[in-house]
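J.:
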Amino acid sequence: MDWLNNLVGPTVARGIFQFIGINVAFVVVLMIVAYTVLAERRVLGFIQGRLGPNRVGPGGILQPFADLLKFIFKEEIVPDKSTRFIYFLAPFLAITCALMPIIVYPFGPEIHIPGTRIVFPLVVARFDVALLYVLAITSVGVYGIALAGWSSNNKYSLMGGLRSAAQLISYELSLGLSLVGVVLLSGTLDLYEIVGQQGGWHGLRWNIIFQPLGFIIYLISAIAETNRVPFDLPEAETELVAGFHTEYSALKFALFFMAEYVNMFTVSMLATTMFFGGWQGPGVSTFPLLGIFYFLGKVICFLFLYIWLRGTLPRFRFDQLMNFGWKFLLPMAILNLIITATVVFFFGT
Amino acid sequence: MSDILTFIVFILLAGLAIGSALAMVAQRNPLYSAISLIGVFGALAGLYLTLAAPFIAAVQIIVYAGAIMVLVVFVIMLLNVEEEVRRPVRLRYLVPTAVLLAAVLFAEAAFILFYVNDAPAPPSPLATAEPSTTGLTASIGTGLFTTYLLPFEITSILILMALVGAMTLARRTAARPQDLVVPGAQVLPLQMVEPARVGDDTPVRSDTTAEAARTLGLNEQEQTRE
Amino acid sequence: MIPMSWYLALSAVLFTIGVAGVIIKRNAIAMFMCIELMLNSVNLTFIALSSFFRDVSGQLFVFIVMTVAAAEAAVGLGIIITVFRNRESLDVDDASVLRD
Chain G
2 MDWLNNLVGP TVARGIFQFI GINVAFVVVL MIVAYTVLAE RRVLGFIQGR
52 LGPNRVGPGG ILQPFADLLK FIFKEEIVPD KSTRFIYFLA PFLAITCALM
102 PIIVYPFGPE IHIPGTRIVF PLVVARFDVA LLYVLAITSV GVYGIALAGW
152 SSNNKYSLMG GLRSAAQLIS YELSLGLSLV GVVLLSGTLD LYEIVGQQGG
202 WHGLRWNIIF QPLGFIIYLI SAIAETNRVP FDLPEAETEL VAGFHTEYSA
252 LKFALFFMAE YVNMFTVSML ATTMFFGGWQ GPGVSTFPLL GIFYFLGKVI
302 CFLFLYIWLR GTLPRFRFDQ LMNFGWKFLL PMAILNLIIT ATVVFFFGT
Chain C
65 MSDILTFIVF ILLAGLAIGS ALAMVAQRNP LYSAISLIGV FGALAGLYLT
115 LAAPFIAAVQ IIVYAGAIMV LVVFVIMLLN VEEEVRRPVR LRYLVPTAVL
165 LAAVLFAEAA FILFYVNDAP APPSPLATAE PSTTGLTASI GTGLFTTYLL
215 PFEITSILIL MALVGAMTLA RRTAARPQDL VVPGAQVLPL QMVEPARVGD
265 DTPVRSDTTA EAARTLGLNE QEQTRE
Chain P
3 MIPMSWYLAL SAVLFTIGVA GVIIKRNAIA MFMCIELMLN SVNLTFIALS
53 SFFRDVSGQL FVFIVMTVAA AEAAVGLGII ITVFRNRESL DVDDASVLRD
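As you go down the protein sequences, you meet chains G, C and P in turn. Each residue of the first sequence is one higher than the one before, starting from 2 at the first, in my numbering. Each residue of the second sequence is one higher than the one before, starting from 65 at the first, in my numbering. Each residue of the third sequence is one higher than the one before, starting from 3 at the first, in my numbering.
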């Protein structure tokens with residue numbers, strides 16, 4: 002990046018580099034998200050013994066674009082008695098909070114372009130409190146759903162919004178506490194460094210070996226955080242029509258829909274980064290580009306797990322959900338934290 | 065270059081903070097107030113970033129915007145609070161007093177501020193050029209678990225007390241007798257239940273459908289057919 | 003570099019708005035939010051001074067203030083819900099009797 006540094010100075014050069022990085026990361030993530038939707042429908046079809054969408058393009062490969070066009074051309078319906086400003090604000094909040102964490106995840110190791118002196122890490126922004134940043138944005142994400150439910154002026158929407166607020170507050174605790182174990186082992190909040198530390202044993206020294214209980218707690222609360230089956234009570238269609246987005250149509254509904262899948266994706270990325278070694282794997286030290294495939298491959302495994310669960314499990318009842326979160330998951334997370342802290346205290350990292 | 069950038073960022077964030085704070089006080093719908101307050105918290109988190117305190121900025125968003133305000137919004141939605149009704153204010157002089165007191169307070173603060181500004185700058189490591197590490201996670205952790213260990217522990221006890229207190233408050237008081245819902249129980253005027261005691265006209269609760277029917281002079285089969 | 007006095011002035015403005023809000027507002031939740039605003043303006047002062055003197059103590063104070071605010075929120079909102087259950091109103095003028 003020397004020529005760029007000489008041209009416009011280091012601050013602007015870094016700005017330009019990060020701007021390009023952000024756009025590339027968003028395009029990649031949104032493409033994967035679009036195809037997750039298709040994959041979900043095909044896999045669900047397979048699980049339920051039917052075909053799923055296979056008409057648009059070869060094997061249904063163009064289905065996401067057809068869906069998008071359909072969303073764009075649908076009529077926008079705004080309820081008469083809704084609170085207009087908040088009604089329009091809510092979907093934007095949801096999608097913004099879903100997309101913002103992407104910039105801190107390391108997609109791969111430092112890449113050295115052969116024949117030049119250009120070296121750049123495959124992470125858009127790297128800073129000291131990356132993990133806290135992710136948790137902060139996640140915790141703000143609840144407003145999108147809660148405000149959507151309130152502003153629609155519909156009792157089903159309101160119930161969906163209330164349920165979602167209660168559910169997200171409850172499971173955020175377990176989510177945060179399950180990650181503290183990994184932080185204790187690594188001694189840093191910087192995601193890039195956490196991945197870097199999992200590089201031993203030919204790239205297989207993953208944190209899940211030391212934190213199995215923490216990972217299980219993280220997985221369960223992450224599913225609850227993203228409102229997926231079996232914790233999809235905010236939009237339980239048998240009870241609440243469509244929950245918080247009952248009154249949303251066309252592109253605003255598409256934004257909520259997309260936010261849900263982007264959230265799934267970012268939560269899977271966090272799981273990969275914290276527990277499964279991120280881009281680490283056998284052979285990464287010799288072929289750094291392999292890291293990207295390792296990383297995305299692990300994330301896609303998680304996405305498949307989500308779809309599999311959706312095809313398999315029934316939905317919780319609301320009181321069961323609350324009891325499970327507060328009386329089982331949270332104590333287990335605290336237990337995991339105590340055990341990890343004791344071990345780290347006596348044996349070091 | 066970077067100085068101008070910092071200046072612009074400060075002006076924007078400060079303007080957002082003051083504007084949102086004013087909007088919060090001016091709004092009569094509590095939910096709009098809450099959203100404005102979230103704006104203030106966001107702007108303050110940005111200001112903390114300009115002050116090289118990234119850890120506190122993140123914690124600000126997590127604790128204030130992500131926990132406290134979610135709780136407030138949840139309560140507003142749960143209680144379904146309508147807009148404040150503009151009823152005859154009992155304390156009519158309150159608004160002018162508030163504005164006056166606020167003006168005095170602000171004038172005092174401004175006075176002290178300019179006075180302090182005139183005083184010679186205290187000798188401090190301000191001039192050193194190397195980047196500060198005070199806002200980073202490691203420095204906060206070190207400070208919290210060495211010098212300030214006792215306040216930290218006391219805070220944890222405070223949190224425990226708040227936890228217990230909130231649970232005690234939110235729990236419905238265990239089954240007071242009049243809260244027990246008896247199927248078919250009705251509130252009847254006293255002259256029907258006890259004609260002898262007509263005088264004070266407080267309603268009396270009868271216990272069962274049968275008793276209510278007997279008092280009303282109804283036949284029980286008629287009652288059940290309904 | 004922004005002079006420290008600007009941060010302190012901003013903090014004073016926010017604190018003043020919070021004080022005025024507590025006096026003007028009659029809704030319990032709105033008053034609660036004004037108190038949170040005052041706490042935050044104090045936090046800004048702490049962070050500004052801590053950053054300018056390169057001393058981490060100010061940031062630790064802010065950390066503890068936030069914890070206290072969280073505890074206050076839990077208990078305060080519990081009280082507000084209880085009052086609402088008994089009186090069907092959030093107006094502080096309605097809650098003038100200490101029994102139900």
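A virtual CB, placed ideally from N, CA and C, is assigned to each residue, including glycine. Here the structure is a predicted model, which means the values were calculated and not measured.
(1) Spatial neighbours of G:I224 within its chain, please: CB distance less than 6 Å, with the 5 preceding and 5 following residues excluded, ordered by chain position.
(2) Excluding the 5 residues preceding and the 5 following C:A166 in the sequence, name in chain order all residues of the same chain whose CB lies nearer than 8 Å to its CB.
(3) So, is C:P160 buried or exposed, given that buried needs 16 or more other C-beta atoms within 10 angstroms?
(4) Between the Cα of G:M270 and those of G:L163, G:P289 and G:G109, spot the shortest distance and give me the residue it belongs to.
(5) May I ask you to list the residues that DSSP assigns as paired with G:P122?
(6) Along the alpha helix (DSSP H) that carries G:H203, what are the first and last residues, could you check?
(7) Have a look at G:G61, G:Y144 and G:L178 and flag the residue whose alpha-carbon is nearest the alpha-carbon of G:A260.
(8) Please compile the residues from chain G whose C-beta is within a distance smaller than 7 Å of the C-beta of C:G130.
(9) Between the stretch 89-122 of chain C and chain G, which residues of the former have CB atoms less than 9 Å from a CB of the latter, in chain order?
(10) Which value, in whole angstroms, describes the spacing of the CA atoms of C:L164 and P:A22?
(11) So, using beta-carbon positions, are P:A75 and P:L41 closer together than 7 Å?
(12) Anyone know if the C-beta pair for G:G284 and G:L290 falls short of 7 Å?
(13) Check C:N144 in the structure and name its three-state DSSP category.
(14) Shorter than 7 Å from the beta carbon of P:F48 to some beta carbon of chain C?
(15) Can you tell me where the alpha helix (DSSP H) with G:R85 in it begins and where it stops?
(16) Does chain P have any CB closer than 7 Å to the CB of C:A171?
(17) Thinking C-beta only, is G:E248 closer than 7 Å to G:S175?
(18) Straight-line CA distance for G:V25 to G:I146?
(19) Would you kindly check if the distance between the Cβ of G:G150 and the Cβ of G:G161 is under 7 Å?
(20) Is there a C-beta anywhere in chain G that falls below 7 Å from the one on C:T210?
(21) Measuring CB atoms only, is the stretch 131-139 of chain G touching the stretch 67-79 of chain G, in the sense that at least three cross pairs come out at less than 8 Å?
(22) Where does C:P241 sit, in a helix, a strand or coil, going by DSSP?
(23) Of the residues that make up the stretch 16-34 of chain P, which ones have a beta carbon closer than 9 Å to any beta carbon in chain C?
(24) With a threshold of 7 Å between beta-carbons, can C:L227 be considered close to chain G, or not?
(25) Opposite P:N29 in the DSSP bridges: which residues?
(26) Taking only the alpha-carbon atoms, compute the straight-line gap between P:I83 and C:M225 and give it to the nearest angstrom.
(27) So what does DSSP say about G:G282, is it helix, strand or coil?
(28) Is it a yes or a no for the stretch 177-195 of chain G touching the stretch 325-336 of chain G, going by three-plus beta-carbon pairs under 8 Å?
(29) Step through the CB atoms of chain P and report whether any lies within less than 7 Å of the CB of C:F74.
(30) Output, in chain order, the set of chain G residues within a Cβ distance shorter than 8 Å of C:F138.
(31) Starting from the N-terminal side, write out each stretch of the alpha helix (DSSP H) that is 4 residues or longer and does not extend beyond the stretch 124-199 of chain G.
(32) Let me know the secondary structure DSSP gives G:Y249 once reduced to three states.
(33) Between which residues of its own chain and C:T192 is the CB-CB distance below 8 Å, once the five residues before and five after are set aside?
(34) Between C:P241 and chain P, is any beta-carbon pair separated by less than 7 Å?
(35) With respect to the alpha helix (DSSP H) encompassing C:G207, which residues constitute its N-terminal and C-terminal limits?
(36) So the candidates are G:N337, G:T313, G:G298 and G:V196; which of them puts its Cα closest to the Cα of G:I33?
T.: According to the structure shown:
(1) As a first step, residue 224 of chain G must be located in the first sequence, where it is residue number 223. Counting only Cβ-Cβ distances below 6 Å, and skipping sequence neighbours, we find F232.
(2) Reading the second sequence from its first residue, position 102 is the one you call residue 166 of chain C. Here the set comprises nothing.
(3) Here the question's residue 160 of chain C lines up with position 96 in the second sequence. With fewer than 16 other Cβ atoms within 10 Å, it is exposed.
(4) Along the first sequence, read from residue 1 onward, the residue named residue 270 of chain G stands at position 269. Of the candidates G:L163, G:P289 and G:G109, the one whose C-alpha sits nearest the C-alpha of G:M270 is G:G109.
(5) As a working note, residue 122 of chain G is residue 121 in the first sequence. According to DSSP, G:P122 bridges with G:E111.
(6) As a position in the first sequence, residue 203 of chain G is number 202, starting the count at 1. Run containing G:H203: G201 to G204, per the alpha helix (DSSP H) assignment.
(7) Translated into the one-based positions of the first sequence, residue 260 of chain G becomes position 259. For G:A260, the nearest C-alpha among the options comes from G:Y144.
(8) Residue mapping note: residue 130 of chain C aligns to position 66 of the second sequence, counting from 1. Within 7 Å Cβ-Cβ: A137, S140 and V141.
(9) N93, L95, Y96, I99, I102, G106, A109, P118, F119, A121 and A122
(10) Here residue 164 of chain C is taken as the residue at index 100 of the second sequence, counted from 1. Here residue 22 of chain P is taken as the residue at index 20 of the third sequence, counted from 1. Looking at the two C-alpha atoms, the distance is approximately 9 Å.
(11) By 1-based counting over the third sequence, the position of residue 75 of chain P is 73. By 1-based counting over the third sequence, the position of residue 41 of chain P is 39. Not in contact: P:A75 and P:L41 (Cβ atoms no closer than 7 Å).
(12) Here residue 284 of chain G refers to the residue found at position 283 when the first sequence is read from its first residue. Here residue 290 of chain G refers to the residue found at position 289 when the first sequence is read from its first residue. No, the Cβ-Cβ distance between G:G284 and G:L290 is not below 7 Å.
(13) Mapped onto the second sequence, residue 144 of chain C falls at position 80. In the three-state DSSP reduction, C:N144 falls in the coil class, being neither helix nor strand.
(14) Numbered from its first residue, the third sequence carries residue 48 of chain P at position 46. Judged by the 7 Å Cβ criterion, P:F48 is not in contact with chain C.
(15) The residue you call residue 85 of chain G lines up with position 84 of the first sequence. Counting along the chain, the alpha helix (DSSP H) containing G:R85 begins and ends at R85 to L100.
(16) Here residue 171 of chain C corresponds to residue number 107 of the second sequence, with the count starting at 1. No - not a single Cβ of chain P is within 7 Å of the one on C:A171.
(17) As a first step, residue 175 of chain G is located in the first sequence; it is residue number 174 there, counting from the start. As a first step, residue 248 of chain G is located in the first sequence; it is residue number 247 there, counting from the start. No. Outside cutoff.
(18) In the first sequence, counting from the first residue as 1, residue 25 of chain G sits at position 24. In the first sequence, counting from the first residue as 1, residue 146 of chain G sits at position 145. If I take the Cα positions, the gap works out to 28 Å.
(19) As a working mapping, residue 161 of chain G is identified with position 160 in the first sequence. As a working mapping, residue 150 of chain G is identified with position 149 in the first sequence. Pairing G:G161 with G:G150 gives a Cβ-Cβ distance under 7 Å.
(20) In the second sequence, the residue the question calls residue 210 of chain C occupies position 146. No - not a single Cβ of chain G is within 7 Å of the one on C:T210.
(21) no
(22) In the second sequence, counting from the first residue as 1, residue 241 of chain C sits at position 177. Here the model assigns C:P241 a pLDDT of 49, short of 50, so the residue's position is not dependable, and the following value carries that caveat. Note: C:P241 maps to helix in three-state DSSP.
(23) Per Cβ criterion, the list reads L16, F17, T18, I19, G20, V21, A22, G23, V24, I25, I26, K27, R28, N29, I31, A32 and F34.
(24) To locate residue 227 of chain C, count along the second sequence from 1; it is residue 163. Chain G, which has no Cβ nearer than 7 Å to the Cβ of C:L227, makes this no.
(25) Here residue 29 of chain P refers to the residue found at position 27 of the third sequence. For P:N29, which the question treats as bridged, DSSP gives the partners P:D93.
(26) Position 81 of the third sequence, counted from the first residue, corresponds to residue 83 of chain P. Position 161 of the second sequence, counted from the first residue, corresponds to residue 225 of chain C. One C-alpha to the other measures close to 18 Å.
(27) Stepping through the first sequence from its first residue, residue 282 of chain G is reached at position 281. Of the three classes helix, strand and coil, the one that applies to G:G282 here is coil, per DSSP.
(28) yes
(29) Working through the second sequence from its first residue, we reach residue 74 of chain C at position 10. Yes, C:F74 counts as interfacial toward chain P.
(30) As a position in the second sequence, residue 138 of chain C is number 74, starting the count at 1. Those within 8 Å of C:F138 in chain G are A147, L163, A166, A167 and I170.
(31) Fully enclosed alpha helix (DSSP H) runs of no fewer than 4 residues occupy 131-141, 143-152, 156-187 and 192-198 of the stretch 124-199 of chain G, in order along the chain.
(32) The count along the first sequence starts at 1 and reaches residue 249 of chain G at position 248. Of the three classes helix, strand and coil, the one that applies to G:Y249 here is coil, per DSSP.
(33) One-based indexing of the second sequence puts residue 192 of chain C at position 128. Because C:T192 sits at a pLDDT of 46, beneath the cut-off of 50, its placement in the model cannot be relied upon, and the point is left open.
(34) As a position in the second sequence, residue 241 of chain C is number 177, starting the count at 1. The predicted model places C:P241 with a pLDDT of 49, which falls under 50 and marks its position as unreliable, so this point remains unresolved.
(35) Walking along the second sequence from the start, residue 207 of chain C turns up at place 143. Looking at the DSSP string, the run of the alpha helix (DSSP H) that includes C:G207 is T201 to F209.
(36) Here the question's residue 33 of chain G lines up with position 32 in the first sequence. Comparing Cα positions, the closest option is G:G298.
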